[in-house]
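Colleague: Numbered according to mature numbering (1 follows the signal peptide of the UniProt record, and there is no 0), the sequence shown spans residues -21 to -1, 1 to 203. Don't be surprised by glycine CBs; every beta carbon is placed ideally from N, CA and C. Submitted below is the structure of interest, expressed as structure tokens.
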Amino acid sequence: MNKLALALALSALGLAACSTASGPTYSASELQPRDGVRTFQVDCHGLLSGPQTCMNAARKICGEQPVRVADSAHALRNHADPATLVFQCGAAPAEMAAAAAPVPTPAPAAVEHVNLAGDALFATGQATLTPAARASLDKLLSEREDHTYTEVTVTGYTDSAGSDAANLALSKRRADVVARYLHAHGLKAHTMAVAGRGSADPVGSNATAEGRAANRRVEISLKR
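Written out as structure tokens, the structure reads:
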């Protein structure tokens, strides 16, 4: 073969190597899409195959997009090309999101508890607020004037002196008086509930004056 013929042969080989069809150094084909992405295969079993043959062919096919190896018949050893290269063009899609963690249960709504207790709140056997009781409620209102609550519950209690029926009615009246005062003086709440529990749920011993005073109380729960 003269020099001119040899040059023409090399030129032809170079052109074939740039093709996405086939050539002396490799053959290329398009496979079925994987996950909706075009997928190609390059086989580098030609007599003239050499280092980087498959990757160079893949780069030619992908153009300006990066080559993303999808599979290879033989692992790359000592920087040699795999005999068969399956690839896609373009950046890798985002990794599948890890299995979604269970949606966390919302934290329970914050609830404030205020306990108004003692003889200073009401006269014995009465449901009329004393000046001390009004002062305590005014302080509560002042500290919460910027708050809005979804639910406010006012619950009245008594000590064990007297009948259960009388104590139940008295505790309800006292709770109602407190709730009305809070509402009239600007406590912001979507709903306000009132309950009387009589002498139930004592917080002190009814055998002592101190314990009975602690049991005569009004509890206010404020839920955000």
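1) So, using beta-carbon positions, are L197 and G135 closer together than 7 Å?
2) Would you identify the three-state DSSP class for T32, choosing helix, strand or coil?
3) Under 6 Å Cβ to Cβ from H58, same chain only, skipping five residues before and after it: list those, please.
4) Any idea what DSSP makes of K167, helix, strand or coil?
5) From the DSSP secondary-structure annotation, give me the bridge partner or partners of C68.
6) Should the stretch 136 to 148 be regarded as contacting the stretch 119 to 127, the criterion being three or more beta carbon pairs within less than 8 Å?
7) Ordered along the chain, which non-local residues of its own chain (more than five positions away) have a Cβ less than 8 Å from that of R13?
8) Measure the C-alpha to C-alpha separation of G190 and T103 and round it to an integer number of angstroms.
9) If you measure between the beta carbons of E130 and T170, is that distance less than 7 Å?
10) Secondary structure at A188, three-state DSSP: helix, strand or coil?
11) With A96 and A111 assumed to form a contact (beta carbons below 8 Å), what rounded beta-carbon distance in angstroms separates them?
12) Which value, in whole angstroms, describes the spacing of the CA atoms of Y160 and A148?
13) When you compare only the Cα positions, how much space is there between T109 and S150?
14) Assuming R113 is part of the alpha helix (DSSP H), what are its boundary residues?
15) Applying the criterion that 16 or more other CB atoms from any shown protein chain within 10 Å of the CB defines a buried residue, is A88 buried or exposed?
16) By the three-class DSSP mapping on this structure, what secondary structure does V21 have?
17) Just the Cα atoms here: how many angstroms apart are D155 and V173?
18) Counting along the chain, where does the beta strand (DSSP E) carrying G135 start and finish?
19) Throw me the rounded Cβ distance for the K202 and V90 pair, which I believe falls under 8 Å.
20) Looking at C-alpha atoms only, which residue of A7, V82, V46, L64 is the closest neighbour of A71?
21) Quick check on V82: does DSSP put it in helix, strand or coil?
22) May I ask you to report which of helix, strand or coil DSSP gives S142?
Modeller: Taking the coordinates as given:
1) The question names Leu, but residue 197 in the sequence shown is Val. Yes; because the gap between Cβ atoms is below 7 Å, this pair is in contact.
2) helix
3) Confidence is the limiting factor: at H58 the pLDDT is only 49, short of 50, which leaves the residue's position unreliable, though a coordinate-based value still follows. Cβ within range, chain order: n/a, list empty.
4) strand
5) V46
6) no
7) Counting only Cβ-Cβ distances below 8 Å, and skipping sequence neighbours, we find A49, Q67.
8) 15 Å
9) In terms of Cβ geometry, E130 and T170 form a close pair [threshold 7 Å].
10) helix
11) No, A96 and A111 are not in contact; Cβ-Cβ is about 12 Å, not under 8 Å.
12) 19 Å
13) 16 Å
14) 110 to 122
15) Result: exposed.
16) strand
17) 6 Å
18) 127 to 135
19) 5 Å
20) The residue from A7, V82, V46, L64 with its alpha-carbon nearest to that of A71 is V46.
21) coil
22) coil
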